[in-house]
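The sequence shown runs contiguously to residue 319 in the numbering used here.
First the structure, in the form of structure tokens, and then the observations on it.
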Amino acid sequence: MAESLLRLDGITKDFYGATVLSGVNFSLDKGEILGLVGENGAGKTTLMHILFGMSDIIETGGYGGRVYIEGQPVTFKSPFDALDAGIGMVHQEFSLIPGFTACENIMLNREPTAYNPAIELFGERLATIKRAQMREHSAQALAKLGVNISADTVVSEMPVAHKQFTEIAREISRSQVKLLVLDEPTAVLTESEADILLASLKRLASEGIAIVFISHRLHEVTAISDRILVLRDGQMIRDVPNENVSVQNITEWMVGREVSQRTDKEDDSRDFAGEAFRAEHLWVDMPGETVRDAT
């Protein structure tokens, strides 16, 4: 039997005496999509930070248990270790450089270079960057996602959805990627944009890339996942094949009780005719999200 691509065995984590993960076990095969769900604070992001060697884990005493990649025990002390092992992660917060193009962000620190005589005097930092090759490689990564984004578009000029697709393109552009972790990737996408992303993730899985898909949009989890893992209060509640699993099932596993669905219309005599919200002279000074004196 082939070894699982990823296996987590007895993962535990405490933050300053508070237990946030307790005895979590699961495995993931090549080309498999795992839907990871749980309420806020259930431990989903912490678990993925352990897998990716994030500093908030390392600087707070590490973790208990073992992580295995293709049967070999690994300890990632930084995200660079995880990247070298073929793990890519897209976080909830963007990590793009606003003044760079999509191409420059996707290929950052991996730019193809050519010999330049100046190298003899000043070293590799003055090597000539092969911009055409960079552009071609980044365009291929974007095309894999099924979106029409120019590799030459500056990130600060992109709509939010295009930034999210650029983040994902950066991870799948790495030739050694084996596992992709996506933390709420559709949170900033419209329904149609989310459909495009889900279809592209299925294509990536068909190429052998394993995917951990974290989302609060439970209908997306049931639509894309091969297996569903439910965390509650840091403990693994369910790890089940996605066979006849409903959103209602997942919701009840997440909260630990039966959840009723309201079908009756209660009498509601509230008056909705008045003003509900007002913004005056609103300013936002954020790269790519600038707002000037909006009312």
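All residues carry an ideal CB built from backbone N, CA and C; glycine is no exception.
{"Check": "Helix, strand or coil: which one does DSSP assign to F118?", "Outcome": "coil"}
{"Check": "Does G280 come within less than 8 angstroms of chain E when only Cβ atoms are used?", "Outcome": "Among the chains in the structure shown there is no chain E, since it carries only a single protein chain."}
{"Check": "Are there 16 or more other CB atoms within 10 angstroms of the CB of V308, so buried, or fewer, so exposed?", "Outcome": "exposed"}
{"Check": "How would you label E191, buried or exposed, when you count the other beta carbons within 10 angstroms and need 16 or more for buried?", "Outcome": "buried"}
{"Check": "Taking DSSP as the reference, what is the three-state secondary structure of L306?", "Outcome": "strand"}
{"Check": "Could you give the distance in angstroms between the alpha-carbon of F39 and the alpha-carbon of I82?", "Outcome": "11 angstroms"}
{"Check": "Curious, which full-length beta strand (DSSP E) runs of at least 3 residues does the segment 76-131 contain?", "Outcome": "88-93, 96-98, 111-114"}
{"Check": "When DSSP builds the beta bridges, which residues end up paired with S239?", "Outcome": "Beta-bridge pairing links S239 to no other residue."}
{"Check": "Using three-state DSSP, classify K54 as helix, strand or coil.", "Outcome": "coil"}
{"Check": "Helix, strand or coil, according to DSSP, for V48 in the structure here?", "Outcome": "strand"}
{"Check": "At what residues does the alpha helix (DSSP H) containing T165 begin and finish?", "Outcome": "Reading the sequence as shown, one finds Ala at residue 165 and not Thr. Note, A165: alpha helix (DSSP H), 155-168."}
{"Check": "Distance check for H161 and S199, CA to CA, integer angstroms please.", "Outcome": "11 angstroms"}
{"Check": "Determine, using beta carbons only, whether L166 and A193 come nearer to each other than 8 angstroms.", "Outcome": "yes"}
{"Check": "Along the chain, where does the alpha helix (DSSP H) containing T36 start, and where does it finish?", "Outcome": "Looking at the DSSP string, T36 is not in any alpha helix (DSSP H); the run it does join, the beta strand (DSSP E), is 30-39."}
{"Check": "Please confirm whether I235 and L206 have their CB atoms less than 8 angstroms apart.", "Outcome": "yes"}
{"Check": "Could you pull out every residue in the same chain whose Cβ sits closer than 6 angstroms to the Cβ of M113, ignoring the five residues on either side in sequence?", "Outcome": "F76, V205"}
{"Check": "Do L52 and S28 have their CB atoms nearer than 8 angstroms?", "Outcome": "yes"}
{"Check": "Report buried or exposed for K101, applying the criterion of at least 16 other Cβ atoms within 10 angstroms of its Cβ.", "Outcome": "exposed"}
{"Check": "Determine the extent of the beta strand (DSSP E) in which L221 is found, giving its start and end residues.", "Outcome": "Unbroken run through L221 is the alpha helix (DSSP H), 215-230; no beta strand (DSSP E)."}
{"Check": "Can the beta-carbon of V179 be found closer than 8 angstroms to that of F104?", "Outcome": "no"}
{"Check": "Do I248 and V264 have their CB atoms nearer than 8 angstroms?", "Outcome": "no"}
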